[in-house]
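Protein chains in written order, with my numbering: chain A, 1 to 336; chain B, 1001 to 1699.
Pasting the structure below:
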C-alpha cells in the first residue's frame, strides 16, 4: 500500500473510525494513563513513552481474565471472546511488533484470534527515543514496521499529521473519510523524521554486548544466582511485557458445573514450571531468571520466530522492584 | 477526562501504599495495572498487588447478612440483621454495663471506617473497648516512641532510602513483607549505600548485607545496649546532638557499661568484632536510615525493645534529617491510619488521650453525645474478659483473630464464650465461622475513602465497581446501628468524604487535609496543619513533640519461654511475599496459592537431619499450647536451633503454638519466640490440617 494522506488532526481520524467501531486509545485521568474506550468528548493524547502505559493494549487482545468454556453439569459450552469491531488507536512501533509476535504465538488460540480479527490497528511513529526504549536494537521501531498496522500516523512538530495506509483493511476503514492527498514529499518527510528519531535513541551498547554473551554461553550460573537472589517473583516484568503470553487456568464452580477461566501467569513464579511429581526444570530463582532472559533474547527463540521476543520497549526496567529490568541485567552481563 | 475502565486507587496490602489501577469489566475487577507516576511505587507492585483482583472477587464473598442457626448460617435482610445486632448490644450493656461490649476495628479498612468504629464505641456504646490488630504489630512502637520522641510513626519517608548512605534493617524482612520498599533498599545497595541487617534469620537482605548481626531470638536489648556500650566507650556518640536535644543520656551511658562486648557476645551469639563494626558503621554514616519491624515489637519486652532502638538512634543523632530516622514498617495497608483514627482503647483520633477530661469534653461536644470515660480493654483484654464472663458482645470488623492472634485455642474459647459475636467480612473467615451474625461489607475496590501508609501519607481509595450483593461499607453499617442502638443520628453520613471532613476537624495532625488537596498533592503526610499545609516528609527537624527527646536505661530480659529438654527448639514467626495476614484475600489467587503448600516450617539442614526430615516432608510441631502438622522447608534461612513458621495458613496455624505472654505496658504478645519440639511424620503420611486434628481430638 502506498496511499498517503494528510490529516487535519488525530481526532479527525479517531472520530471517523468511531462511527463503525469502539475506539480504544490512550486516556488520562489526572496522573493515571491507560488504554481505554475513547468517549466523544475524551481527550486524545497520544503517549509514546511505553513505561507510562504499562499494559499497552495487550489486555484487549489477550485478556488478563477470560472465560474459556462452561460445563453445565452435562455439556461443555464454549464461551467465545467478544468479536465486536474494535480500533486500537495510537499504538507505538514496539507494541505493534509485539502484536505481530502475539499473532504468531496465538495463531491457534480461538479467543485471541477472535479478539484480534475484530481489531483494527492504528499505529503512530515515534518522533524521538524514549527513556528506556531500545526498539532500534530490536528491529521494532521507532518507526512503525511495514505490515504491523492497518493505518500509520506520522507526526512532526509544526506539520499536519500524515496518514499512511498499511493494509486493505485500513484502506477500507478510511474509505468514507474525505482526506486531502499528502504533499509529494510525504514519504521522504517520514523517512527523515524516523532517521532523527532513531538518532535520538542514543547508543545502548550493553544490549548487543549482553545478548552476545548470552548466546555465547558466557553468563555463569553464579551470576544468575546473584541476580536471582534479588528477584521477588512479583510478576511485574511479565505483566508489563507486551510479548509475555503465559497463562494458567482454573475451574470455578458454577451452578451444577464449573467455568474454566484463564489468567495471566508468570514464568518467574516458582510454581509455574513445577511439575506434579515435584520435579522442577528451573528450581532456583537464578535459573528462572535466566530462562526468562533467554526466552526474550536468546538464539533458539530468535531462530524459531525469526526475531527476538523482546521489542525494546523497556517497560520491565520500570516495573522491576529488584533492578533486574533488561537494561540493568544486560548491563550487568555485559560488564562481567 | 476520558471514559476509563480503569480506576486509580491505593493497594490494599501492606503499609507501603503503592498506587494501582483497577481494570474493570462490568461490575467485576478483572485486572490490576501499576501506576508509573505514583510517587511511592513509581510503576511497581508486588505479587500480592498484581493479584488483588482475585482477592476481592465476588466468588466466595458474603453477599447478604447471615444469621447463625445451629451449626449453619441462613441469609436474612439488613433490617432483621441490624435489629438483632442492636438488641444484642443493648442487652449486653443493660446487663453488665458498657464494659461488656466492644469493637475490634480493622487495619485493612479505611480511615473513615476506623473513625466511625471508635466513634460508635465511644459515643454509642459508651465504652473505650475499641482496639485492632496494631495491638499485635506496632502497639509497642506507638507506646515506646511516644515516650522517647513524642510520636510513634515512621519519622522519615520512603524516598529517604535514596538519601541514606547506610540502611539498617532491624527485625524486619521488607523484601517479603514490604516488597516495593524492600526493592528500594536493594536499589540503594546497588548504588553504593551500605546495608546492615540485624535479624535471627538470614533474610534476602541479610544475604546482600555488608554486615549481618544474626542475634539469638529475644536478645535485642542486649545487642542494642552492646552497641551503645561501644559507642560511649569509644566516644563515638553525637555529643552536639545529645547536648542540644536529648535528656537521660548519662543514665543510659551508665547502664550500658554492664554490656561489654564479651558479655553481649555470650547473650546474643554475635561476635564482638561484628558489634564493633556495626557501631562504627552506624555512627560514622552521614545519614543512616533505620527500619524495624515485628522482630522488635512482638516480644514481652516489645516496648523496651523499641526504646532500645530509639536510644541507639538518638545516641548517634541519626534523626531529624533527610535520609535518617527510626522507621517502624507498618504491616497492614492502614494500620497507621487505624491508630491515627483512635481505634485504640486509650486514645481518640490524633492520639488525644482518653484520660484527658478536656479531650473527652471536646469530642462529646462535637458529637453531641456523652462519651465513655472509663478506660477501655485491648483486644486480648476483651478476649480474656469474655472467657471470664465479664464481656458479652463483640463486633469484629474484617479481622481474623482466630488465625492471627496468639494461642489460637484461647482465642476460640473467648469468641465462643461471647453471647453475641458480630463479624463484618468479605468472606467466611475462620473468625466469621464462629459468628452469630455476619454482615457483608464492601472491599477496598467498592468504596471511597483514604488509607494512611507507613510514612504517614494519607492517600485516596476509590470505588471502581459497586459492592456485590447487598454488601455495604463498614461506616454505613455502624451508622445504621447507631440509630437503632441509641437513636443517635450523628453517624448517618451520606458518604466517605463527609466522614473525612468531620475527622479532620477533630484531628489536629490531619487538620489541613481534604480529598481535593490529597488528590492534588499525591497524598499528604501528617502532621498536615496550618503550620505545615503541604504535610511533613520527615519529623523532628528542629524539635521533638515532647521538646527534648529521652533516652531510657533498659535491662536485657529474655523471652518468657525458652527452649528446654521437653521443647528444645526456638520457634519464631514470619511472613511470605505471597500472602497477607490471615490469607483471606491473597489465598483466593490461584497463582499465589500455587507458590507454597498451605503451611511451612523453615528448618536448618542440621536440625532437619537430626530429626530425619526431608525437603517437603511432613512434620508435627508441638508447643505447650497446641500442635500443628505442616511441611518442612529445609533452608539455612534459619540457624540451627531455630525454626520459623509463616502465620498465613489456617490449615497449619502457627498461632496454635505461639505464646500469649505479654508486654506489660502494651499487652503485645510474644509472637516472635517460644519453645517447640518437632517430629517427622512417616514418609507416606500427609500433614493433617488444623480442622482434621481438631476432629480427631474430639473423637
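Where a beta carbon is used, it is the ideal one built from N, C-alpha and C, also for glycine.
Buried or exposed by the 16-neighbour rule on C-beta atoms within 10 Å, applied to residue i
i, result
"residue 1041 (chain B)", "buried"
"residue 76 (chain A)", "exposed"
"residue 1583 (chain B)", "buried"
"residue 1151 (chain B)", "buried"
"residue 205 (chain A)", "exposed"
"residue 45 (chain A)", "exposed"
"residue 1074 (chain B)", "exposed"
"residue 279 (chain A)", "exposed"
"residue 1448 (chain B)", "buried"
"residue 1001 (chain B)", "In this predicted model, residue 1001 (chain B) has a pLDDT of only 30, less than 50, meaning its place in the structure is not dependable enough to derive any value."
"residue 66 (chain A)", "buried"
"residue 1003 (chain B)", "Confidence at residue 1003 (chain B) is low in this model, with a pLDDT of 45, below 50, so its placement is unreliable and the value that follows should be read with caution. Residue 1003 (chain B) comes out exposed."
"residue 1560 (chain B)", "buried"
"residue 311 (chain A)", "buried"
"residue 1555 (chain B)", "exposed"
"residue 1422 (chain B)", "buried"
"residue 222 (chain A)", "exposed"
"residue 1065 (chain B)", "buried"
"residue 1615 (chain B)", "exposed"
One or two residues paired with residue i in a DSSP bridge
i, result
"residue 1072 (chain B)", "B:1069"
"residue 1449 (chain B)", "B:1461"
"residue 92 (chain A)", "A:124"
"residue 1198 (chain B)", "B:1170, B:1213"
"residue 1104 (chain B)", "B:1131, B:1396"
"residue 5 (chain A)", "A:163, A:181"
"residue 1247 (chain B)", "B:1550"
"residue 1655 (chain B)", "According to DSSP, residue 1655 (chain B) bridges with nothing at all."
"residue 1662 (chain B)", "B:1669"
"residue 1440 (chain B)", "B:1425"
"residue 1618 (chain B)", "B:1631"
"residue 1644 (chain B)", "B:1572, B:1602"
"residue 1675 (chain B)", "B:1570"
"residue 1032 (chain B)", "B:1022"
6 Å Cβ shell around residue i - same chain, five flanking residues per side excluded
i, result
"residue 1124 (chain B)", "1482, 1485, 1486, 1488"
"residue 1048 (chain B)", "1013, 1580, 1586"
"residue 1443 (chain B)", "1056, 1426"
"residue 1648 (chain B)", "1579, 1583"
"residue 1473 (chain B)", "1442, 1447"
Cβ neighbours of residue i in the same chain (closer than 7 Å, five flanking residues each side left out)
i, result
"residue 1230 (chain B)", "1261, 1275, 1276, 1279"
"residue 1600 (chain B)", "1630, 1631, 1633, 1645, 1646"
"residue 291 (chain A)", "267, 282"
"residue 1 (chain A)", "Residue placement at residue 1 (chain A) cannot be trusted, given a pLDDT of 43 that sits under 50; the coordinates are not used to answer."
"residue 1050 (chain B)", "1032"
Own chain, CB closer than 8 Å to residue i, minus 5 neighbours either side, in chain order
i, result
"residue 1183 (chain B)", "1044, 1175"
Check your understanding: the segment 1180 to 1198 of chain B: which residues have C-beta closer than 8 Å to a C-beta of chain A, in chain order?
Key -> From the segment 1180 to 1198 of chain B, only 1180, 1182, 1183, 1184, 1186, 1187, 1190 have a Cβ closer than 8 Å to chain A.
Review point. Taking any Cβ of chain B, which residues in the segment 253 to 266 of chain A have a Cβ under 8 Å from it, in chain order?
Key: Within the segment 253 to 266 of chain A, the residues whose Cβ lies closer than 8 Å to some Cβ of chain B are 263, 264, 265, 266, listed in chain order.
Review point. Could you give the uninterrupted runs of the alpha helix (DSSP H) lying entirely in the segment 116 to 204 of chain A, keeping only those of 4 residues or more?
Key: Here the runs fully enclosed are 168 to 173, 186 to 201.
Review point. What are the residues of the segment 1202 to 1216 of chain B that lie near chain A, defined by any Cβ-Cβ distance shorter than 8 Å?
Key: So the close ones are 1204, 1207, 1208.
**Study point:** Residues in the segment 16 to 34 of chain A having any Cβ partner in chain B nearer than 9 Å
**Key:** Against chain B - using a Cβ distance shorter than 9 Å - the residues of the segment 16 to 34 of chain A are 25, 26, 27, 28, 29, 30, 31, 32, 33, 34.
Review point. Which ranges does the beta strand (DSSP E) cover as unbroken runs of at least 3 residues, wholly within the segment 1350 to 1433 of chain B, from first to last along the chain?
Key: Complete beta strand (DSSP E) runs here, min 3: 1393 to 1397, 1420 to 1425.
Check your understanding: If you measure beta-carbon to beta-carbon, which residues of the segment 1611 to 1625 of chain B are closer than 8 Å to chain A?
Key -> Within the segment 1611 to 1625 of chain B, the residues whose Cβ lies closer than 8 Å to some Cβ of chain A are 1616, listed in chain order.
Review point. Along the segment 47 to 70 of chain A, what residues have a CB closer than 7 Å to any CB found in chain B?
Key: Residues 51, 52, 54, 55, 59, 64, 65.
Review point. The segment 1569 to 1592 of chain B: which residues have C-beta closer than 9 Å to a C-beta of chain A, in chain order?
Key: Look at the segment 1569 to 1592 of chain B: the residues with a C-beta under 9 Å from a C-beta of chain A are 1577, 1578, 1589, 1590, 1591, 1592.
Review point. In the segment 1027 to 1039 of chain B, which residues sit with their C-beta less than 7 Å from some C-beta in chain A, listed in chain order?
Key: Those residues of the segment 1027 to 1039 of chain B that come within reach of chain A (Cβ to Cβ, closer than 7 Å) are 1030, 1031, 1033, 1034, 1035, 1036, 1037.
**Study point:** Residues in the segment 217 to 242 of chain A having any Cβ partner in chain B nearer than 7 Å
**Key:** For the segment 217 to 242 of chain A, which is checked against every Cβ of chain B, the residues closer than 7 Å are 229, 230, 232, 233, 234, 235, 236, 239.
Practice item. Entirely within the segment 27 to 67 of chain A and at least 3 residues each: give me those beta strand (DSSP E) ranges in chain order. Key: Those beta strand (DSSP E) runs which fall completely within the segment 27 to 67 of chain A and span 3+ residues are 32 to 37.
Check your understanding: Residue ranges of each alpha helix (DSSP H) run of no fewer than 4 residues wholly in the segment 1214 to 1239 of chain B, ordered along the chain?
Key -> Runs found: 1220 to 1234.
**Study point:** Near-chain B residues of the segment 315 to 329 of chain A (beta-carbon distance less than 9 Å), N- to C-terminal order
**Key:** Within the segment 315 to 329 of chain A, the qualifying residues are 315, 318, 319, 320, 321, 322, 323, 328.
Review point. Where in the segment 1313 to 1357 of chain B do unbroken runs of the beta strand (DSSP E), each at least 3 residues long, occur, reported from the N-terminal end onward?
Key: Segments of the beta strand (DSSP E) lying fully in the segment 1313 to 1357 of chain B: 1326 to 1328.
Check your understanding: For the segment 205 to 281 of chain A, which segments carrying the beta strand (DSSP E) assignment without a break, of at least 3 residues, lie completely within its bounds, in sequence order?
Key -> Within the segment 205 to 281 of chain A, the runs of beta strand (DSSP E) that reach at least 3 residues and sit entirely inside it are, in chain order, 247 to 254, 257 to 264.
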